[in-house]
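Accompanying notes for the structure given below.
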Amino acid sequence: MLYAEWARAPSETSPTRALSLQTEREIMRTKIAVSAALGVGLVFGAGAPALSSNLSSTDAAKTSGISADVVPGQELERITDGKIEKGETAYVDVTVATLWTGPKAPRKVDKPALQHPVDLKKWNKNLESTDVRRGLTGKTETQAAYGSEVSVIETKGSWAKVAVTDQKTPKNKKGYPGWLPKKQLVENDRFGKLAEDQPRAVVTKPKSELEGIEFTKDTGADVSFNVDLPLIAQDVDDVRVALPGGGAAWIDIDDVDVYDVGDKPEKPSGKDLVKTAKQFEGLRYLWAGVSAYGFDCSGFTYSIYKAHGIELPRDSGEQAKAGKAVSSSNLKPGDLLFFSTSSGTVHHVGMYVGDGKMIHSPNASKDVYVTDWKKWDTGNEFSGARRIL
1 MLYAEWARAP SETSPTRALS LQTEREIMRT KIAVSAALGV GLVFGAGAPA
51 LSSNLSSTDA AKTSGISADV VPGQELERIT DGKIEKGETA YVDVTVATLW
101 TGPKAPRKVD KPALQHPVDL KKWNKNLEST DVRRGLTGKT ETQAAYGSEV
151 SVIETKGSWA KVAVTDQKTP KNKKGYPGWL PKKQLVENDR FGKLAEDQPR
201 AVVTKPKSEL EGIEFTKDTG ADVSFNVDLP LIAQDVDDVR VALPGGGAAW
251 IDIDDVDVYD VGDKPEKPSG KDLVKTAKQF EGLRYLWAGV SAYGFDCSGF
301 TYSIYKAHGI ELPRDSGEQA KAGKAVSSSN LKPGDLLFFS TSSGTVHHVG
351 MYVGDGKMIH SPNASKDVYV TDWKKWDTGN EFSGARRIL
């Protein structure tokens, strides 16, 4: 069940109402700042008073669902030591981290993806050539979005090998493994505790922006689809989220769904999955991609299902074992279609959208698009369909 539907702005669009909402937003921001300075809590929830200065921070937290050790609106300390150690849990501290087969795998054109902050726009520009983009094949493993939890497997100089804990794979029981620069990670036990104990804000738009931080040359930092961050406060137009590297930022409430602790999205219909998938039509393919900056085929289906609370394995070969088999003559929207080599190795997956068509992210020369799946399958490689719902 959504935690904060009450906070959605009303539908009125008159200038007077728009001004009222803006004023309300500024008042709320001021109250949050005052509450932090005074050490009192704000109450957030249906029917809650705007400011509860007569409550202790603990009492206010009990009323609001916000953890008692987090005063809504307070600035959390920024983590700066960058210490990453084997056996520890860490968190991704860039918009999207790319995991590589090894520290020597990146090319010169990949430098923008190795920084903190990353410059994914520049990296994608460097990859405009199909041959250059195709050159990532065999060099990258997967990606992990901002705030993702990883388990540190080993370190080597300025690099760390990690497992992305929410990406299932037989390659490692802890999660999908790969190498990335240490500077793209942060160890922050408090963020981990907040992620466990707080309501969470999950990005539902292809991209959004964190306001009030300076990770990029712009006024904020881009965050991608499916980014999941702990909620520490909210007003009419925005939610305030804790950041993996410490501190907090605002994000537009219309760009997220907010869930109480332990809650997940309602079970989707096939049409829900298709609607989510079609947000990304025209997005260029990216080997190992799992974000709004580029998907590979299985990263696309993995991410769409994840957005609806359903965990698929990361790779197409394992996805082909999920759910139950269905006949190609009995397909429904949301079903997954698999394609294999002559030896039986699954190498591609798409999602059925209805009317004999599928949406998929096929290869380095293509974008995400909808096509007649039988006409697309010129090599007769279709090897089966699975129903996950």
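Counting from 1, position 262 in the sequence shown corresponds to residue 262 in the UniProt record's numbering; the numbering is continuous, with no gaps. Heads up, the beta-carbon is just placed ideally off N, CA and C, and yes, glycines get one too. Please read all numbers here as calculations on a predicted model, not as lab measurements.
Assign residue i to one of two classes, buried (16 or more other C-beta atoms within 10 Å of its C-beta) or exposed (fewer than that).
i: residue 200; result: buried
i: residue 345; result: exposed
i: residue 67; result: Because residue 67 sits at a pLDDT of 41, beneath the cut-off of 50, its placement in the model cannot be relied upon, and the following sentence gives the value as read from the coordinates. With 16 or more other Cβ atoms within 10 Å, it is buried.
i: residue 230; result: buried
i: residue 161; result: buried
i: residue 188; result: buried
i: residue 372; result: exposed
i: residue 379; result: exposed
i: residue 168; result: buried
i: residue 301; result: buried
i: residue 341; result: exposed
i: residue 228; result: buried
Residue j and residue i - do their beta-carbons sit closer together than 7 Å?
i: residue 292; j: residue 206; result: yes
i: residue 363; j: residue 259; result: no
i: residue 120; j: residue 180; result: no
i: residue 283; j: residue 368; result: yes
i: residue 152; j: residue 209; result: no
i: residue 212; j: residue 250; result: yes
i: residue 175; j: residue 165; result: yes
With a threshold of 8 Å on Cβ separation, who are the neighbours of residue i within its own chain once the five nearest residues in sequence on each side are excluded?
i: residue 370; result: 278, 281, 353, 357, 358 and 359
i: residue 338; result: 316, 319, 320, 346, 348, 349, 382, 383, 384, 385 and 386
Is residue i helix, strand or coil when you go by DSSP?
i: residue 342; result: coil
i: residue 163; result: strand
i: residue 200; result: strand
i: residue 130; result: helix
i: residue 149; result: strand
i: residue 223; result: strand
i: residue 299; result: helix
i: residue 314; result: coil
i: residue 57; result: Any reading at residue 57 is ruled out, since the residue's pLDDT is 35, under 50, leaving its predicted position unreliable.
i: residue 115; result: coil
i: residue 190; result: helix
i: residue 323; result: coil
i: residue 293; result: coil
i: residue 254; result: helix
Report all residues from its chain with a CB closer than 6 Å to the CB of residue i; omit the five preceding and five following residues, and keep chain order.
i: residue 332; result: 270
i: residue 154; result: 86 and 161
i: residue 97; result: 144, 180 and 184
i: residue 305; result: 312
i: residue 276; result: 304 and 307
Taking 7 Å as the limit between beta carbons, can you name the residues of its chain near residue i, skipping five residues before and five after?
i: residue 195; result: 230
i: residue 114; result: 106 and 181
My understanding is that residue i touches residue j, with C-beta atoms under 8 Å, so please give their C-beta distance in whole angstroms.
i: residue 156; j: residue 101; result: Rounded, the Cβ-Cβ distance is 13 Å, inconsistent with contact.
i: residue 203; j: residue 224; result: 7 Å
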